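Engineer: Quick one: structure below, then a few questions.
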Amino acid sequence: MDTTFPRRRLGKTDLFVSPVALGCWPIAGMTSLNVNDEDSLATLAACPEAGINFLDTAYCYGADGESERLIGRALGRRRDEFVIATKGGIHWNPDGTRGVDGSPARLKRECEASLRRLGTDRVDLLYLHAPDPQVPVAESAGALRELLEEGKARAIGVSNFDVDQLNRFHAVCPITAHQPPYNMLQRGIEADVLPWCRTHDVSTVIYWPLMKGLLAGKLARDHVFAEGDGRAKYPMFQGAEWQKNQDFVDDLRQIATAAGCTVAQLVVRWTIDQPGIASALCGAKRARQIEETAGAMQVVFSVETRSAIDAALRRRGTAVTKAAV
Ligand SMILES: NC(=O)c1ccc[n+]([C@@H]2O[C@H](COP(=O)([O-])OP(=O)(O)OC[C@H]3O[C@@H](n4cnc5c(N)ncnc54)[C@H](OP(=O)(O)O)[C@@H]3O)[C@@H](O)[C@H]2O)c1
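Quick note: the sequence shown uses our numbering, first residue 1, plus one each step.
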């Protein structure tokens, strides 16, 4: 194993991943606009030098698996240098609405299609993207267990699960990783889901560490989202909540300046230092963004920086509440 960059073990497997992973939703043009294949391939190409070996995608990242296809194109013969995670169980309907289907037949079909798009014979970590209310969790788990036994997946994960669903899935198929939302402002998993994962040796791989760019500190207070930018619908980008979040980011900016890092690096370092967090999925649509964010892996906090962050969090009033996904 390359020891130049930090690596963390996923569950009980022999998969070792970077604490900062590339979240591959934005490269398919899903978070904001102005994304083209050239930029996306450059973003993927920047990962090894930035110390990232962990890529997170899903069938529904893009209208029809574009993110997976880009990863397949970008990796080529370097595939074995990466731990590739993808997800099945969520798709886009022809009318543009989102569909959830965790039926065994669908999960197996989607896995085969993902393998083709990624240009590989196995997914390192295959997640059920979300529980399907119409399909018992144990049935979805049974299908993923079969894919594990067939060697099409090296490990199985779940995403957006509560403790009851985790228990029911784990009874049928061993879970290696859980993928919930988590960041400085959304800490709901600390109440029960994160402790469950720590008790069961399940790695927590979190999404939205930068809250879609809000915590990267580069969206101005008067920022107006372009039409079609998916972020405008989230309450934390609106009204009084937005202003409070901007006050918080102003606090973080001062702390980051004193600590000699950027706001994004400060936020991601804090996140990957939280007990039980194995890796943070950091979305990026440009190489320079992931290069900056990956720099968090080199940041070391002083005692003063830590207490300044704690004080800023107390001022913002981030109670341990359920995440507003
Ligand atoms: N399991 C699930 O249900 C689920 C749900 C959501 C996400 N995810 C995973 O988690 C990943 C992360 O979520 P996300 O991509 O939505 O959001 P994110 O990582 O919280 O934010 C990504 C956005 O932040 C901005 N950004 C990133 N680095 C930056 C930097 N250094 N400086 C300035 N801005 C920066 C970019 O915004 P601009 O576009 O404005 O440049 C980028 O599009 C996804 O890619 C996906 O892999 C999983």
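Glycine is no exception: its CB is placed at the ideal position from the N, C-alpha and C atoms. All values derive from a computational prediction rather than experimental measurement.
Between which two residues does the beta strand (DSSP E) containing Phe-54 stretch?
Structural biologist: Under the DSSP assignment, Phe-54 falls in the beta strand (DSSP E) whose first and last residues are 54-56.
Engineer: In the DSSP assignment, the beta strand (DSSP E) including Cys-282 goes from what residue to what residue?
Structural biologist: 277-283
Engineer: Tell me the rounded alpha-carbon separation between Arg-154 and Phe-301.
Structural biologist: 35 Å
Engineer: If you compare alpha carbons, which of Ile-175, Glu-112, Leu-214, Asp-164 is closest to Gln-142?
Structural biologist: According to the sequence displayed, residue 142 carries Gly and not Gln. Checking every option, the nearest Cα to that of Gly-142 belongs to Ile-175.
Engineer: Just verifying my parser: in three-state terms, what is the DSSP assignment at Pro-195?
Structural biologist: helix
Engineer: Exposed or buried, which one is Lys-233 when buried takes at least 16 other CB atoms within 10 Å?
Structural biologist: exposed
Engineer: Need the endpoints of the alpha helix (DSSP H) that Val-172 sits in, please.
Structural biologist: Here Val-172 belongs to no alpha helix (DSSP H), and DSSP marks it neither H nor E.
Engineer: Taking the C-alpha atoms as reference points, what is the distance between Gly-205 and Gly-276?
Structural biologist: Just to set this straight, residue 205 is Val in the shown sequence, not Gly. Roughly 9 Å between the two C-alpha positions.
Engineer: Assign Glu-227 to buried or exposed, taking buried as 16 or more other Cβ atoms, counted over all protein chains shown, within 10 Å of its Cβ.
Structural biologist: exposed
Engineer: When DSSP labels each residue in this structure, what does Lys-152 get in the three-state scheme?
Structural biologist: coil
Engineer: With DSSP as the reference, please indicate the residues paired to Tyr-207 in a beta bridge.
Structural biologist: Pro-181, Leu-281
Engineer: In angstroms, rounded to a whole number, what distance separates the CA positions of Arg-9 and Val-202?
Structural biologist: 10 Å
Engineer: Starting from Phe-237, follow its DSSP beta bridges and name the residues at the other end.
Structural biologist: Phe-237 is not bridged to any residue.
Engineer: For ligand 1, any of its heavy atoms closer than 6 Å to the Cβ of Lys-285?
Structural biologist: Yes.
Engineer: Closest by CA to Gln-289, which one among Asp-250, Val-83, Gly-217?
Structural biologist: Gly-217
Engineer: Could you pull out every unbroken beta strand (DSSP E) segment of at least 3 residues lying fully inside the region 82-143, listed in chain order?
Structural biologist: 83-88, 90-92, 98-100, 125-128
Engineer: If I measure Cβ to Cβ from Gly-151 and keep anything under 7 Å in the same chain, skipping five residues before and after, which residues do I get?
Structural biologist: Arg-122
Engineer: What would DSSP say about Ala-63, mapped onto helix, strand or coil?
Structural biologist: coil
Engineer: If you check the beta carbons only, do Tyr-59 and Glu-139 fall under 7 Å apart?
Structural biologist: no
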